[in-house]
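Take 4 as the starting number for the sequence shown in the numbering used here and just add one per residue.
The beta-carbon is built from N, C-alpha and C at its ideal position, and this holds for glycine as well.
Fair warning: this is a prediction, and the values are worked out from it, not measured in the lab.
All remarks here apply to the structure that follows.
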Amino acid sequence: MHVMAACLGLLIATHMVSAPAHAASLTAVGGYDHYAGAAGQRTDGAVGALVLGVAGGDLMVAGVRYDDSTIGPGTSLTAGVGVPVLGGAKLRVAGTRFLGDDSFRAWRAKIGPQLSLPGGRTLTLSYQRYQDNQSSHSNGTIAEATTPVMERLGAKASASYATVMEGPAAVQGSVGLSWSPIAHLELSGEVGAARNASAVAGQPIPGRQPLGGLSILGGGSSGGTGPSTIQEQVVRTVLVGVRVTLP
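Spelled out as structure tokens, the structure:
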């Protein structure tokens, strides 16, 4: 893990040093999200982020203040990078640390390529690892696709598969739209279905890369409802969000 991080850091540093100074841009992002999932789970999150774009790549730091009906309130901190590689693709790496107001602690790591397709479309394939201090851990894969529909309107689809501690694998899928009625404002909504995935598989924040796929909830057990009530059940999920960007 340390060798991989060192190699990635060297690649990022080399790329940034070779980039012309005028290629850099800094964007501030603020927003709010609401997620409704299995077993009555509800999560609300206030989001703040800074994104530095440089020569086709990007660096991102973000914080989320969340209130989750399963694990309670807390704060998550995320750092991510998108590094250009061959063929116009990017290698995306992100790590998130969850700090509950009480004793809950967790982390999530995500890595994979983002492919740029004709017509402004993107396809991102990721491996994700999750672990917390409540004896929960998960390994999974995620596919996310975006496409423009018309001016100021875009569409997104995502699917994930993850191992969990109990019951069948966690499976989630969703489709959604993002709309920018005016400059610097984006409204997003997604609907989907999930099996055995109340919290461990997580639910990404809506939005375009590099913020797309940023988790708003920490994970953990399914609370007082108990895992046995949702292991075989397929439930609807809803995720809505708003984003304001400057400049």
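Asked: For E169, the first and last residue of its enclosing beta strand (DSSP E); Found: Per DSSP, E169 belongs to no beta strand (DSSP E) and is neither H nor E.
Asked: Three-state secondary structure assigned by DSSP to G244; Found: strand
Asked: Residues near V64 in its chain [Cβ-Cβ closer than 6 Å; skip 5 each side]; Found: L53 and A82
Asked: Residues near L118 in its chain [Cβ-Cβ closer than 7 Å; skip 5 each side]; Found: A92, T125 and L126
Asked: Segment contact, 8 Å Cβ cut-off, at least three pairs: the stretch 97-108 with the stretch 127-140; Found: yes
Asked: Own chain partners of R132 with C-beta closer than 6 Å, once the 5 adjacent residues on each side are dropped; Found: A112 and N142
Asked: Given L62 as reference, the closest of V243, L242 and A97 once Cα atoms are compared; Found: A97
Asked: Residues near V237 in its chain [Cβ-Cβ closer than 8 Å; skip 5 each side]; Found: A196, A197 and R198
Asked: Residue closest to G1, alpha-carbon to alpha-carbon, out of V86, T248 and A160; Found: Here the chain comprises residues numbered 4 to 250, so residue 1 is not present and cannot be evaluated.
Asked: For V237, the residue or residues it bridges with in DSSP; Found: R198
Asked: Inter-residue Cα distance where the pair is G56 and S72; Found: 35 Å
Asked: Where G227 falls, given that 16 or more other Cβ within 10 Å makes a residue buried; Found: Residue placement at G227 is flagged as unreliable, the pLDDT there being 35, under the threshold of 50; the coordinate-derived value follows with that caveat. G227 should be labelled exposed.
Asked: Local Cβ density within 10 Å of T144, reported as buried at 16 or more and exposed below that; Found: exposed
Asked: Assigned exposure category for S28 - 16 Cβ within 10 Å defines buried; Found: exposed
Asked: Inter-residue spacing [alpha-carbon to alpha-carbon] between A42 and E169; Found: 16 Å
Asked: Neighbourhood of G115 by C-beta distance below 8 Å, restricted to the same chain and skipping five residues each side; Found: L94, R95, T127, L128, S129, Y130 and I145
Asked: Segment limits, beta strand (DSSP E) that includes H140; Found: H140 to M153
Asked: Exposure label - G3; buried when at least 16 CB within 10 Å; Found: Residue 3 lies beyond the range of the chain shown here (4 to 250); nothing can be said about it.
Asked: Start and end residues, beta strand (DSSP E) containing F107; Found: It is not in any beta strand (DSSP E) - F107 carries neither H nor E in the DSSP assignment.
Asked: Beta bridge counterpart(s) of H37 as assigned by DSSP; Found: D47 and V243
Asked: Collapsed DSSP secondary structure at L249 in the structure displayed; Found: strand
Asked: Euclidean distance between Cα positions of A31 and T248; Found: 6 Å
Asked: Own chain partners of S79 with C-beta closer than 6 Å, once the 5 adjacent residues on each side are dropped; Found: V67, T99 and F101
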